[in-house]
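Worksheet: the structure to be examined is printed underneath.
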Amino acid sequence: MILGSLFAPLYELGIDKELEKIEIQNMVDKGYLDTDHTKQDLSDFCFTYYNVLWKESLNNACFRYL
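Counting from 0, one number per residue, gives the positions in the sequence shown under numbering that gives the first Met the number 0.
Next up, the structure:
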């Protein structure tokens, strides 16, 4: 529990929130996700397709789910 509270701020430093929103919108635009996707949908997508779609920019959107 203590370790989680120590590492949580460091974990968030690796994510650019604006780029995350742009990448998720690109996934919606390309039909990878529905407009009303859930966090679970995003997590499932990232877990399944992150390595397959390596040419896509998914780093910020998928960072917390990998």
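A virtual CB, placed ideally from N, CA and C, is assigned to each residue, including glycine. Nothing here was measured: the structure is a model prediction, and the numbers come from that model.
From the listed residues GLN39, SER56, ASP15, ASP43, the smallest Cα separation to LYS29 is found for SER56. By the CB criterion at 9 Å, TYR31 and TYR48 fall inside the cutoff. Closest by C-alpha distance to LYS54, out of LYS16, GLU22, ASP15, GLU17, is GLU22. Only residues of its own chain outside the window of five on either side were considered, and among them ASN59 have a CB closer than 6 Å to the CB of ASP15, listed in chain order. Note on PHE46: under 16 other CB atoms within 10 angstroms of its CB, so exposed under the neighbour-count rule.
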